[in-house]
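The next block holds one structure in the form of structure tokens; read it before the comments.
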Amino acid sequence: MINKKRLRKFWKWFKIIALIYIMIGVALYFLQDKFIFHPKKLPADYEYKFDVPFRQIDLAVTEEKNLSIVQFTVPDSIRRGIVLYFHGNRENINRYAPFAKNFTRNNYEVWMIDYPGYGKSTGKEKRKFCTKML
0 MINKKRLRKF WKWFKIIALI YIMIGVALYF LQDKFIFHPK KLPADYEYKF
50 DVPFRQIDLA VTEEKNLSIV QFTVPDSIRR GIVLYFHGNR ENINRYAPFA
100 KNFTRNNYEV WMIDYPGYGK STGKEKRKFC TKML
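Just so you know, the sequence shown maps onto residues 0 to 133 in numbering that gives the first Met the number 0.
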């Protein structure tokens, strides 16, 4: 038979550990955007320099938000398709642009989009907006 005093002590420590665990979980939930997103903004007048022919497009999403899109082009006569490239959660298009060569040399056009708050895109990065955008 388990001693009642030991059982009470066990439950006391169990409650303390459970409370700490819940508090850490709540803190991580509310701070997850800081851990997940690592944007690097660029000034609006920043000029991209890439080895591959490209065209920059600014797409107005709302009055406050626009998305910066870079279209890495190939001649229409040899284009085999289009790749819509959503980059990772760090920095901006400059970091991921070298990967476009892998597609353009095989005659695929590449469209890279900066999320809100990244690169030249305006607005604030939010997981909900990015999910809705997809």
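Even for Gly, the Cβ is constructed at its ideal location relative to N, Cα and C. Remember, predicted model here, so these are calculated numbers, not experimental data.
- Residue state for F36 is assigned as coil, using DSSP reduced to three classes.
- Around the beta carbon of I23, fewer than 16 other beta carbons sit within 10 angstroms, so the residue counts as exposed.
- Judged by DSSP in its simplified three-state form, R89 adopts strand.
- Contact annotation: the segment 100-116 touches the segment 68-78, with at least three C-beta pairs closer than 8 Å.
- In this model, R7 and I21 are separated by some 21 Å (Cα to Cα).
- Per DSSP, N65 is not a residue of any alpha helix (DSSP H); the beta strand (DSSP E) it occupies stretches across N65 to F71.
- In the same chain as Y95, and ignoring 5 residues on each side of it, the C-beta atoms closer than 8 Å to its own belong to Y84, H86, G87 and M111, in chain order.
- A check of alpha carbon separations from I35 across E90, I16, V82 and K11 identifies E90 as the nearest.
- With respect to K48, P115 sits apart: the two C-beta atoms are not nearer than 8 Å.
- Per the coordinates, the alpha-carbon of Q55 lies some 22 Å from the alpha-carbon of H37.
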